Amino acid sequence: MCRPDFFTVAYRINPWMHPEDPTDTSLAVKQWEVLYKTYVDLGFDVQLVDPIDGLPDMVYAANGGFVLDNIAYGASFTYPERQPEGPAYMDWFGANGYEVRVPANINEGEGDFLLVDDVILAGTGFRSASNSHEELAQIFGRPVITLNLINPSFYHLDTAIAVLDPSPAPGESANIAYLPSAFDEPSLEILRERYPDAIIVNEEDAAVLGLNSYSDGYNVVIASRAKDFERQLLDRGYNPIGVDLSELLLGGGGVKCCTLELRR
Ligand code: ARG
693 MCRPDFFTVA YRINPWMHPE DPTDTSLAVK QWEVLYKTYV DLGFDVQLVD
743 PIDGLPDMVY AANGGFVLDN IAYGASFTYP ERQPEGPAYM DWFGANGYEV
793 RVPANINEGE GDFLLVDDVI LAGTGFRSAS NSHEELAQIF GRPVITLNLI
843 NPSFYHLDTA IAVLDPSPAP GESANIAYLP SAFDEPSLEI LRERYPDAII
893 VNEEDAAVLG LNSYSDGYNV VIASRAKDFE RQLLDRGYNP IGVDLSELLL
943 GGGGVKCCTL ELRR
């Protein structure tokens, strides 16, 4: 995670961002600290990367890379405003014992790449280029399934899909939650076929980035305003934990955006 010490909205690279409106950096830090503490209380080993002045979006650590099998596939950002974050995160991975792969193609890390059991769901359409999906498959030797995003408000895959069971017990199938209207028809067919029991999240909950959540398979940290999603999670036997990241929503990010999973 990356403390939002320098968070603000200084440019507009997604429809959520309004640089003309004020932001409150100290409130962003306070809300982020609640998320940090939630993870620590759940027993997660949370590592921090130093924030950099002038990189206001660095708080969205999910975009810093994709880490699996102790290999960190670096990010190469779409927009110049965020490009310096790529090397900053790669430096951290290298200094912390991960094998760094410098990306050849545009990709925004775990914002668009979601590990579900042994497959990687990979988004494209707004940020990560589809050739990064091939690079990902080559590096990690896992099946990579390309999904096309079509709604600019749900520009990263992690705004449109929540992974509920990252690593299910043997014999059990992994489930997800998603927003159907974020995908084109061929991608929807793939999702319906692979995840027939998926939780379908409504537009209202998606509009507070309710899907942008982090699950350990039981505890699901979600936006506290995503009430219908919360109810559906309870019905299915999960333990939803709501946090309020309203200030970070002004940059177009939520719980998952602030979270990059480190898999050794
Ligand atoms: N302002 C950031 C951007 O538009 C938000 C990134 C949100 N991150 C995410 N993983 N969805 O790039």
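Residue numbering for the sequence shown follows my numbering, beginning at 693 and increasing consecutively. We treat Cβ as the ideally placed atom computed from N, Cα and C, and that holds for glycine. These figures come from a predicted structure and were not determined experimentally.
Boundaries of the beta strand (DSSP E) in which residue i is found, first to last residue
i	result
residue 868	868-870
residue 758	757-760
residue 934	931-935
residue 839	836-840
residue 854	853-855
residue 915	911-915
Cα-Cα separation, residue i to residue j
i	j	result
residue 933	residue 887	23 Å
residue 699	residue 863	43 Å
residue 922	residue 824	33 Å
residue 719	residue 939	7 Å
residue 806	residue 812	5 Å
residue 784	residue 919	36 Å
residue 893	residue 723	24 Å
residue 761	residue 872	31 Å
residue 912	residue 926	10 Å
residue 931	residue 733	14 Å
residue 755	residue 780	12 Å
residue 900	residue 790	34 Å
residue 771	residue 909	33 Å
residue 721	residue 798	29 Å
residue 835	residue 907	22 Å
residue 935	residue 914	6 Å
residue 726	residue 956	26 Å
Any non-hydrogen atom of the ligand ARG closer than 7 Å to residue i Cβ
i	result
residue 948	yes
residue 705	yes
residue 955	no
residue 700	no
residue 749	yes
residue 752	yes
residue 756	no
residue 851	yes
residue 945	yes
residue 661	Since the first residue shown for the chain is 693 and the last is 956, residue 661 is missing from the structure and cannot be characterised.
residue 803	yes
residue 774	yes
residue 848	yes
Same chain, Cβ closer than 7 Å to residue i, neighbours up to 5 away in sequence not counted
i	result
residue 778	766, 767, 768 and 769
residue 775	769
residue 728	693 and 738
residue 848	800, 803, 804, 815 and 819
residue 705	771 and 773
Same chain, Cβ closer than 6 Å to residue i, five either side skipped, listed in chain order
i	result
residue 891	869 and 924
residue 689	A question about residue 689 goes unanswered here, because the residues of the chain that appear run from 693 up to 956.
residue 808	855 and 866
residue 745	698
residue 937	723 and 946
Beta-carbon proximity list for residue i, same chain, < 8 Å, skipping 5 on both sides
i	result
residue 875	839, 840, 841, 842, 852 and 883
residue 942	701, 708, 709, 710, 713 and 715
residue 795	765, 766, 767, 768, 778, 824 and 827
residue 740	693, 694 and 695
Cβ of residue i within 8 Å of any chain B Cβ
i	result
residue 810	This model lacks chain B altogether; it includes just one protein chain.
N-terminal and C-terminal residue of the alpha helix (DSSP H) that residue i is part of
i	result
residue 744	Residue 744 -> no alpha helix (DSSP H), and no H or E assigned at all.
residue 726	717-733
residue 938	938-941
residue 924	919-927
Any non-hydrogen atom of the ligand NAD closer than 7 Å to residue i Cβ
i	result
residue 710	The model depicted lacks the ligand NAD and carries the ligand ARG instead.
Item checked: beta strand (DSSP E) runs wholly inside the stretch 753-827, at least 3 long, in chain order -> 757-760, 763-766, 791-793, 805-808 and 811-816
Check: Counting only runs that start and end within the stretch 864-906, where is the alpha helix (DSSP H) found for 4 or more residues in a row?
Finding: List check, alpha helix (DSSP H) in window: 877-886 and 895-898.
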